[in-house]
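So the sequence lines, in the order shown, correspond to chains A and B.
One gets our numbering by counting positions in the first sequence from 1 and adding 1348 to each.
One gets our numbering by counting positions in the second sequence from 1 and adding 38 to each.
Positions of the beta carbon are idealized from the N, C-alpha and C atoms, including for glycine.
Small disclaimer: the values here were computed from a predicted structure and weren't measured.
First up is the structure itself, then whatever we jot down about it.
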Amino acid sequence: DTAVSQTPKYLVTQMGNDKSIKCEQNLGHDTMYWYKQDSKKFLKIMFSYNNKELIINETVPNRFSPKSPDKAHLNLHINSLELGDSAVYFCASSPLSKRQSHYGYTFGSGTRLTVV
Amino acid sequence: QKEVEQNSGPLSVPEGAIASLNCTYSDRGSQSFFWYRQYSGKSPELIMFIYSNGDKEDGRFTAQLNKASQYVSLLIRDSQPSDSATYLCAVPGTALIFGKGTTLSVSS
């Protein structure tokens, strides 16, 4: 009965490859997110998405694209992987679609991506 | 762009002591503040949130807000080795904006 689940937990791949990370939430939340946590533990928002609006952090390269088949799923697709993409990627969800959320987020367990 | 600043630490305290973690925020209009705890290799988990109208206590944890100086504190009383983790402060923007976290180490 995991609330926010991500797969795979670990992903090792070569530069230039294309990969996807999947995320599913069973909390009935309206909004989902992708965060990147680098080696210094800095947790940085990449995307926030509900069924009406996609908000993209302007610093995210366009090689990264979120894909949402339905409200409970938000996958992250990465093209032409680079060494600097190595990080832990966290999916999260929250119950509100308003920008000023007053509720904390529930995080998935993370996907550790290593690009070699 | 909203920003959240935290001292990365490590902050080391002996078991039973009070640990004080601070976070400064750039947007004076921020109305709510979140504290997350992240154990090594794990995902962040919400431990406390407060609104701009007052402090909050929950068990051994107290969150305090100083609006004039734009900082929010997390106090952990009777610190335990199990409190050793990275503590992340966050404020709402288009999504939650996190600080870089403070690593707390509680020695027994």
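Give me, in chain order, the residues of the same chain whose beta-carbon lies closer than 7 angstroms to that of Leu84/B; leave out the 5 immediate sequence neighbours on both sides.
Phe72, Tyr74
Ser78/B and Gly1456/A look like a contact to me (Cβ under 8 angstroms); what is the Cβ gap, rounded to whole Å?
The pair is not a contact, with the Cβ atoms about 17 angstroms apart (cut-off 8 angstroms).
Asp93/B burial status per 10 Å Cβ neighbour count (16 or more: buried)
Answer is exposed; the Cβ neighbour count stays below 16.
Grab me the residues of Ser90/B's own chain with a C-beta within less than 6 angstroms of its C-beta, minus the 5 sequence neighbours each way, in chain order.
Gln69
Locate the beta strand (DSSP E) running through Phe1390/A, then write down its first and last residues.
Counting along the chain, Phe1390/A falls outside any beta strand (DSSP E), and DSSP gives it neither H nor E.
Starting from the beta carbon of Ala101/B, find every residue of chain A whose beta carbon is closer than 8 angstroms, and list them in chain order.
Those do not exist, as Ala101/B stays about 13 angstroms from chain A at its closest Cβ, beyond 8 angstroms.
Residue ranges of each beta strand (DSSP E) within the stretch 60-140 of chain B, 3 or longer
Here the runs fully enclosed are 70-76, 83-89, 94-96, 99-104, 109-114, 123-130, 134-136.
Mind checking whether Gln1354/A and Ile1369/A have CB atoms under 8 angstroms apart?
yes
Do you know offhand how far His1425/A's Cα is from Thr1407/A's?
16 angstroms
Cut-off 6 angstroms between Cβ atoms - residues of its own chain near Val1436/A, not counting five sequence neighbours on either side:
Here the set comprises Gln1385, Gly1458, Arg1460.
Excluding the 5 residues preceding and the 5 following Lys1348/A in the sequence, name in chain order all residues of the same chain whose CB lies nearer than 8 angstroms to its CB.
Shown here, chain A extends from 1349 to 1464; a query on residue 1348/A therefore has no answer.
Those residues which DSSP pairs with Pro1414/A across a bridge
Leu1424/A
Segment limits, beta strand (DSSP E) that includes Val1464/A:
First-last for Val1464/A: undefined, no H or E at that position.
Kindly identify the DSSP beta-bridge partner or partners of Ile1404/A.
Phe1395/A
Give a yes or no on whether 8 angstroms exceeds the smallest Cβ distance from Leu84/B to chain A.
Leu84/B counts as touching chain A.
Helix or strand or just coil, what does DSSP make of Leu1431/A?
helix
Check this for me: beta carbons of Asp121/B and Ala57/B, under 8 angstroms apart or not?
yes
Could you have a look at Glu1372/A and say whether DSSP puts it in helix, strand or coil?
strand
I believe Tyr125/B touches Asn60/B by the beta-carbon criterion, under 8 angstroms. Please report the beta-carbon distance rounded to the nearest angstrom.
Tyr125/B to Asn60/B, Cβ: 10 angstroms. No contact.
Straight-line gap, Gly1364/A to Val1464/A (C-alpha atoms, nearest Å):
10 angstroms
Cross-strand partners of Gln44/B (DSSP beta bridge):
Cys61/B
For Lys1357/A, I'd like the list of residues in its chain whose CB is within less than 8 angstroms of its CB, leaving aside the five on either flank, ordered along the chain.
The beta carbon of Lys1357/A sits closer than 8 angstroms to the beta carbons of Ser1457, Gly1458, Thr1459, Arg1460 from its chain, once the five residues preceding and following it are set aside; these are given in chain order.
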